[in-house]
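One structure is given here, and the rest of the page talks about it.
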Amino acid sequence: MNRSLPTVPARAEVRHRLPLAPEAREVDRRWRPIYAVWELTLKCDLACHHCGSRAGRAREGELSTDEALDLVAQLRDLDLKEVTLIGGEAYLRDDFPQVVRAITDAGMLCSITTGGRGMTRERAAQCKAAGLRSASVSVDGLAATHDELRGVQGSHASAIAALLHLREAGIPVAANTQIGARNLSEVEAIFESLIPTGIHTWQVQLTAAMGRAADHPELLLEPWQMLQLMPLLARLKPRADAAKIYLAPGNNIGYFGPHEATLRGRLPRGHMSSCSAGRLTLGIEANGDIKGCPSLPTSDYVGGNLREHSLRAIWERAPALQFTRERTVEDLAGFCRTCYYAETCLGGCSWTSHVLTGRRGDNPYCHHRALELLQRNKRERVVRVEAPPGVPFDYGRFAIVVEDWPPGEDIPQGE
Amino acid sequence: MPDLAPCPLCARHVQITETRCPFCDGELPTLTPRTLPSGLRRMSRTASLALGASLAVAGCRTSAVPPTSDGGPVADLRPAAGKTDLSMNPAPPDLATRPDLRPPPDQATFIDLSGPQPLYGAAAPPPDDPEE
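As you go down the protein sequences, you meet chains A and B in turn.
Under my numbering, the very last position in the first sequence is 431; numbers go up by exactly one each time.
Under my numbering, the very last position in the second sequence is 140; numbers go up by exactly one each time.
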């Protein structure tokens, strides 16, 4: 029986795409992406409740094989170092091995992020033969929670099997976990369950209010819950080190609390820096739309399309990709504008902030911010005031509510 | 961007020009920022590869190449011996005997759920917003 994911009536998507600037500025030429994340297809074999891209069906007008291979050449010409293929589910494209091979032959590292449902032994061997260097499998809970979040019974078992198959094929494996309200209580157990799988990295990130996650705000953590999450991750860090697993907090898990050096000490500066979209990273949508970061909402951050402009031209001259290159605190708002770390952090993850409030630069998912509010007996939570329209990478609107700590409610331990 | 270093007393990052920690009010010794590899202050591309390890999230992804203790890729990419014990997890299924877990047939439009039914279901969820 065929099933389709439930849809909501889509409001007309308004795209405001500025034309490319006539020339690249010196600052635009100075930045070159080192890392691209490429949505090879939006087609997917899972039905994740929190999917920001609303993956399931392929996009209209996805790049052909020839166009994909030409893109690989353009990525090489920009001197990229690594390309991560994502979806949807990248392996659902017939030319997936060909694209992996092309990336590898072009001298770039090729990795994938996968839900793992179809990562059989045969497919893993195919990936290895094509030159895949590493794979990150998404694991969002213990079995029952993962299956519920991913919308397919048995998907947790498939994900664990995928880790095994990839390792057997000789591909180093990592795992990634989206943390939200549904699985916060399982974070430690998730980590413990991953240790025996041989992962080299466990990457954690927050579920952001985009796509299906914005349809279901009950999946989101509240900003004040950074007070719970950050000490928890810091407690897990020594165990990760002992297991030779790199615990990698994602860029949208905020910032600059007392555990910053513990959790981000491996970064070049030893702490969070600002959003690198359009400076070091590049996002590619399956139809050739180019963004500075693949997570950013399509409607506001696509700078151009490969069928109209070269990748280099979009990178250098598209206003939507330029916003971090000469950024100052003038781009910030709310708490972030006057934060002690404003010049360094610049509001943290642009994606997380924008999909909440419709603009970047005011990001409540910040440990430092939660601690500062706690000192005043306050906390923040988010309330959805407008639903998203129902298209890939869309968002609604949330209000950030500042409230007193409810009387009688315990303040999270560890602070 | 100001240079930051952790306060030795409370571990909060402070500007290295501070003489007292703005968070714990402790007196600070002379702080020095982390010494960056040559060229990193200009975000040289080689040094910036280490940032790949922090670029997580749906797109901002951690580099999936395994790191060494200094942040570079490991030399030995073979699965580590003795790390295939999955006793803490259910045994991974053998997909040859579990057709319900096999990937769905390639279809252009819908996810083929002839196997396990998705928990999502086909009916539209009840609106939680009266305006929907």
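Using N, Cα and C, we set each Cβ at its ideal position, and we do this for glycine too.
Quick one: Cα of residue i to Cα of residue j, how far?
i                      : j                      : result
residue 19 of chain B  : residue 311 of chain A : 31 Å
residue 3 of chain A   : residue 302 of chain A : The shown model of chain A, from 17 to 431, leaves out residue 3 of chain A, and the question about it has no answer.
residue 95 of chain B  : residue 212 of chain A : For residue 95 of chain B, the predicted model reports a pLDDT of 32, less than 50, meaning its position is unreliable and no value from the coordinates is stated.
residue 375 of chain A : residue 205 of chain A : 35 Å
residue 341 of chain A : residue 294 of chain A : 7 Å
residue 284 of chain A : residue 292 of chain A : 14 Å
residue 238 of chain A : residue 398 of chain A : 6 Å
residue 274 of chain A : residue 21 of chain B  : 8 Å
residue 90 of chain A  : residue 317 of chain A : 20 Å
residue 37 of chain A  : residue 43 of chain A  : 13 Å
residue 79 of chain A  : residue 344 of chain A : 36 Å
residue 75 of chain A  : residue 55 of chain A  : 10 Å
residue 305 of chain A : residue 322 of chain A : 6 Å
residue 249 of chain A : residue 71 of chain A  : 29 Å
residue 418 of chain A : residue 393 of chain A : 10 Å
residue 276 of chain A : residue 361 of chain A : 12 Å
residue 176 of chain A : residue 219 of chain A : 16 Å
residue 135 of chain A : residue 112 of chain A : 13 Å
residue 34 of chain A  : residue 372 of chain A : 23 Å
residue 16 of chain B  : residue 286 of chain A : 14 Å
residue 354 of chain A : residue 257 of chain A : 35 Å
residue 37 of chain B  : residue 11 of chain B  : 15 Å
residue 251 of chain A : residue 278 of chain A : 10 Å
residue 272 of chain A : residue 380 of chain A : 13 Å
residue 299 of chain A : residue 96 of chain A  : 12 Å
residue 23 of chain B  : residue 35 of chain B  : 13 Å
residue 173 of chain A : residue 153 of chain A : 12 Å
residue 81 of chain A  : residue 253 of chain A : 42 Å
residue 9 of chain B   : residue 359 of chain A : 6 Å
residue 28 of chain B  : residue 13 of chain B  : 13 Å
residue 32 of chain B  : residue 427 of chain A : 20 Å
residue 378 of chain A : residue 263 of chain A : 26 Å
Which residues in chain A sit within 8 Å of residue i, going by Cβ to Cβ distance?
i                     : result
residue 28 of chain B : Within 8 Å Cβ-Cβ: nothing; residue 28 of chain B doesn't reach chain A, min ~14 Å.
For residue i, which residues in chain B fall below 9 Å Cβ to Cβ?
i                      : result
residue 406 of chain A : Under the 9 Å cutoff, chain B gives no residues; its nearest Cβ is about 10 Å from residue 406 of chain A.
Throw me the rounded Cβ distance for the residue i and residue j pair, which I believe falls under 8 Å.
i                      : j                      : result
residue 66 of chain A  : residue 223 of chain A : 5 Å
residue 53 of chain A  : residue 102 of chain A : 6 Å
residue 350 of chain A : residue 334 of chain A : Incorrect: roughly 27 Å between the Cβ atoms, too far for contact.
residue 151 of chain A : residue 189 of chain A : 6 Å
residue 60 of chain A  : residue 104 of chain A : 4 Å
residue 157 of chain A : residue 202 of chain A : 5 Å
residue 416 of chain A : residue 388 of chain A : Going by Cβ atoms, the distance from residue 416 of chain A to residue 388 of chain A rounds to 14 Å, so no, they are not a contact pair.
residue 92 of chain A  : residue 68 of chain A  : Not quite, the Cβ-Cβ distance comes to about 28 Å (not below 8 Å), so this is no contact.
Kindly examine the ligand NAD and report whether one of its heavy atoms sits closer than 7 Å to the Cβ of residue i.
i                      : result
residue 290 of chain A : This structure lacks the ligand NAD; in fact it carries no ligand of any kind.
Name, please, each residue of chain B whose Cβ falls closer than 8 Å to the Cβ of residue i.
i                      : result
residue 285 of chain A : 12, 41, 42 and 44
Count the CB pairs spanning the stretch 183–192 of chain A and the stretch 232–243 of chain A that are closer than 8 Å, and state whether there are at least three.
no
Under 8 Å, CB to CB, which of the residues in the stretch 344–361 of chain A have a partner in chain B?
356, 357, 359 and 360
Does the structure place the stretch 311–327 of chain A close enough to the stretch 397–417 of chain A that three or more beta carbon pairs sit under 8 Å?
yes
Contacting positions in the stretch 266–280 of chain A - beta carbon closer than 9 Å to chain B:
266, 267, 268, 269, 272, 273, 274, 275, 276, 277, 278 and 280
Given 8 Å, three or more beta-carbon pairs between the stretch 319–332 of chain A and the stretch 122–142 of chain A:
no
Report yes or no: do three or more beta-carbon pairs, one from the stretch 260–279 of chain A and one from the stretch 363–373 of chain A, lie closer than 8 Å?
yes
Check whether the stretch 224–231 of chain A and the stretch 159–166 of chain A touch, using three or more Cβ-Cβ pairs below 8 Å as the test.
no
Assess contact between the stretch 339–357 of chain A and the stretch 39–48 of chain A, defined as three or more Cβ pairs (one per stretch) separated by less than 8 Å. Is contact present?
yes
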